[in-house]
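Encoded structure:
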């Protein structure tokens, strides 16, 4: 709930022109096909920006998942399953020190 509220507040502030973002800021992260240990894969993207104080905001997406593969996200110590097997999703985050994504089936890949 806190992350959802943070995302809504950040979106509201950005829409109101209250969020200052340097024009030269480049997103870190990228996209790659991730393989799950038991076979199958998904195409995962994540992009993030520093918002200062060791915190980050950004977005992620998971798509083209094999039928046996699902994805999990790591939000500052909490692991959440973000797709069903074979599913896709996209979302955003803010006010996080750490955010990662991995793909799973019989086991899970390394975090990205």
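In my numbering, the protein residues as written are 193 to 304.
Each residue gets a CB set at the ideal place from its N, CA and C atoms; glycine is no exception.
- Counting the other Cβ atoms within 10 Å of the Cβ of residue 301 gives 16 or more, which makes it buried.
- Between the segment 289-299 and the segment 216-230 there are three or more C-beta pairs closer than 8 Å, enough to call the two in contact.
- Per DSSP, the beta bridge partners of residue 251 are 239, 284.
- In this structure, the straight-line span from the alpha carbon of residue 263 to that of residue 237 is close to 12 Å.
- One thing to note: residue 245 has its Cβ no nearer than 7 Å to the Cβ of residue 280.
- In the DSSP assignment, residue 260 falls outside any beta strand (DSSP E), carrying neither H nor E.
- Taking the Cβ atoms as the reference, residue 240 lies roughly 20 Å from residue 225, outside the contact range of under 8 Å.
- Assigned with DSSP and collapsed to three states, residue 301 falls in coil, not helix or strand.
- Boundaries of the beta strand (DSSP E) around residue 273: 270-273.
- Relative to residue 287, the option among 268, 278, 304 whose CA is nearest is 268.
- Around the beta carbon of residue 289, fewer than 16 other beta carbons sit within 10 angstroms, so the residue counts as exposed.
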